[in-house]
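Colleague:
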Amino acid sequence: MGKCFPCFGSSRKENKQGVKDLSCKKDKAKDASFAQAHGISRVSSGKLDVMGKCHGYLIRSTTHQHRVTNASHFKPSDSFPYSASSGKCINFLLCKILCLYRVILSQKTPPPPLPTPDYYLLALQWPYSFCRNTIHTNECTQRTNPTAIPLHLTLHGFWPKMFGGHDPELIGNQTKREFISNQLPKLSEMRKYWPNLTEKENIPEFSFWMEEWRKHGSLCDMSQKTYFQTAVNQAKAIIKYWDDKLKFIKPNSMIDLNLLRQEFTRSVYKTPKFVCNEQRVNGKIVKQLHEIRFIWTTAGFQNNGNSQSACTANVWLPGYVRATEPAI
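Each residue of the sequence shown is one higher than the last, beginning at 1 in the UniProt record's numbering.
Structural data, given as structure tokens:
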């Protein structure tokens, strides 16, 4: 692209930059090829015809620089003051304005940084308590095979939170990021640890995961893949701890929540919060363990101050075959 520079001082043979001075006299342009190479379209009777009218400006092309000082009979260019085809700028002031305008347009104000949550609420649910309770007799009817309902904790959510329990807020010109289906952990892991229990077990739950990202994940400063991978990794670790260390917990039996709380408190997972719903067992309504909620930060797990919700000291843990009911 051509550039415009003002020419100062009187005309002379060569300026400080070593640029030769061309006047309108015929003897200065010795042949047509030299004139054409310097943007001079015609030499006749000591007058030059070039693009537009230039008074005392240095015109720089890709290979030559020259000064035109005495051209008084130039044909105006159709693209005055600037010609993209020739790369020559005729009017210095307008050129500067145009160049500045292009720079401004090319620079976009970056959006403010995404919010950094104070912590994440990692909610794991016991699938059978979700599927069958006094409110929902069978929430998981699409999973026709009873063994398709996992007999281990699964992810309910991984929710970014600020102190006080409220969600982070996007500010300024921030918008929620779109869900990208190929930015997930392995599908086998997602199906195992974060399934949609209301759908068939062999269908990838992209719409389900997309909703989790739209409502929760997009409000934090993690990338989509990091968000889901972090949740899956923490769920895997807790489930392994449950299987290896909590041997006293058996499905289809009552469990002591105080003992369970003590085991978690002694571990790296700290004190969780227990959430219960209800189920009818042996003709009686009893509390059953529905969720365990942990507080996770990038520095590790923290104690959850509110240790239980709607739970009793001993709660039911349902499984494949209930004590007095057929398999679901």
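Just so it is clear, CB atoms sit at the ideal spot from N, CA and C, and this is done for glycine as well.
Express the C-alpha separation of K287 and T312 in angstroms, rounding to a whole number.
Modeller: 7 angstroms
Colleague: Tell me the start and end of each unbroken alpha helix (DSSP H) in the stretch 178-231 that is at least 4 residues and wholly inside, in chain order.
Modeller: Considered as a whole, the stretch 178-231 harbours 187-193 and 206-215 as its complete alpha helix (DSSP H) runs of no fewer than 4 residues, in chain order.
Colleague: Give me the Cα-Cα distance between K112 and C140, rounded to the nearest whole angstrom.
Modeller: Reading the sequence as shown, one finds Pro at residue 112 and not Lys. Rounded to whole angstroms, the separation of the alpha carbons of C140 and P112 is 42 angstroms.
Colleague: Quick one: residues in its chain with C-beta nearer than 7 angstroms to the C-beta of Y193, no 5 flanking neighbours on either side, listed in chain order?
Modeller: T154, L155, V232, A235 and K236
Colleague: Using CA atoms only, rank isn't needed, just tell me which of E211, R261, N252 and R177 is closest to H152.
Modeller: N252
Colleague: Quick check: the Cα distance between D118 and H216, rounded to an integer number of angstroms?
Modeller: 14 angstroms
Colleague: In chain order, what residues of the same chain lie with their CB nearer than 8 angstroms to the CB of K245, ignoring the 5 residues before and after it?
Modeller: E263 and S267
Colleague: Where in the stretch 251-305 do unbroken runs of the alpha helix (DSSP H), each at least 4 residues long, occur, reported from the N-terminal end onward?
Modeller: 257-265
Colleague: So, at 7 angstroms on beta carbons, what are the nonlocal neighbours of G319 in its own chain, with the 5 sequence-adjacent residues on each side left out?
Modeller: Cβ neighbours of G319 beyond the five flanking positions: Y128, L151, P251 and N252.
Colleague: Below 8 angstroms on the Cβ atoms is my contact criterion, and I expect V275 with A310 to pass it. Report the Cβ-Cβ distance as a whole number of Å.
Modeller: 7 angstroms
Colleague: Tell me the DSSP bridge mates of N314?
Modeller: D256
Colleague: Give the DSSP-derived three-state secondary structure of S309 in the structure shown.
Modeller: Residue state, collapsed to three classes: strand.
Colleague: Comparing C-alpha positions only, which one of T109, E201, V315 and C220 sits nearest to A148?
Modeller: E201
Colleague: Where V315 and L289 are concerned, what is the direct C-alpha to C-alpha distance, given to the nearest angstrom?
Modeller: The alpha-carbon atoms of V315 and L289 are separated by roughly 6 angstroms.
Colleague: Rounded C-beta distance between I255 and Q224? I'm assuming under 8 angstroms.
Modeller: At roughly 36 angstroms, the Cβ-Cβ gap does not stay under 8 angstroms, so I255 and Q224 are not in contact.
Colleague: In the DSSP output, what is G157 paired with across the bridge?
Modeller: Bridge partners of G157: A123.
Colleague: For L100, does the three-state DSSP call read helix, strand or coil?
Modeller: helix
Colleague: Can T175 and I285 be called in contact, C-beta distance under 8 angstroms?
Modeller: no
Colleague: Using only CA atoms, which one of T137, R214, L124 and M162 lies nearest to Q279?
Modeller: T137 is the residue among T137, R214, L124 and M162 whose C-alpha sits nearest the C-alpha of Q279.
Colleague: If you check the beta carbons only, do L170 and L219 fall under 8 angstroms apart?
Modeller: yes
Colleague: Please report the distance separating the alpha-carbon of N277 from that of I249.
Modeller: Taking the straight line joining both Cα atoms gives about 18 angstroms.
Colleague: Go ahead and pull the three-state DSSP assignment for N233.
Modeller: helix
Colleague: Determine the closest residue to E205 out of P185, L257 and N258, with distance taken between C-alpha atoms.
Modeller: Per the Cα distances, P185.
Colleague: Quick one: what's got a C-beta closer than 6 angstroms to L93's C-beta in the same chain, skipping five residues either side?
Modeller: none
Colleague: Looking only at its chain, what residues have a beta carbon closer than 6 angstroms to the beta carbon of I239, apart from the 5 residues adjacent to it on each side?
Modeller: H152 and L153
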